[in-house]
Amino acid sequence: MTPKIKFCALAAVIVFAFVFIRNNGFVGSLIAAAISFVFFYLILIYAQKKNPKEYDEFMNKFK
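Here it is as C-alpha cells:
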C-alpha cells in the first residue's frame, strides 16, 4: 500500500468509528467512510501538485 492510501484508509476508519458511535447504523457509517476516503484522496492529490516538497515530508510519516 502506498502512503497516500494508508493515510486515506486511516482517515476513513476514524470517520467510520465516529459516525458508528453516533448511532447512524452500519451502512450509513460505511457510506460516510467511503466519502471521506475519496475526499482525503483528492485533497492529497491537490497537495502533491501544489507543494510537492511539503507533501513528501508529510507522507514520509506514513511509510
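When we follow this note's numbering, the leftmost residue of the sequence shown carries the number 25, and every step to the right adds one.
All residues carry an ideal CB built from backbone N, CA and C; glycine is no exception.
For Lys-73, the uninterrupted alpha helix (DSSP H) run begins and ends at 49–74, by DSSP. In the DSSP annotation of this structure, the continuous segment of the alpha helix (DSSP H) that includes Lys-28 starts and ends at 27–45. Put simply, of Tyr-65, Asn-84, Leu-66 and Val-37 the residue whose alpha carbon is nearest the alpha carbon of Ser-53 is Val-37. Rounded to the nearest angstrom, the gap between the Cα atoms of Met-83 and Pro-27 is 6 Å.
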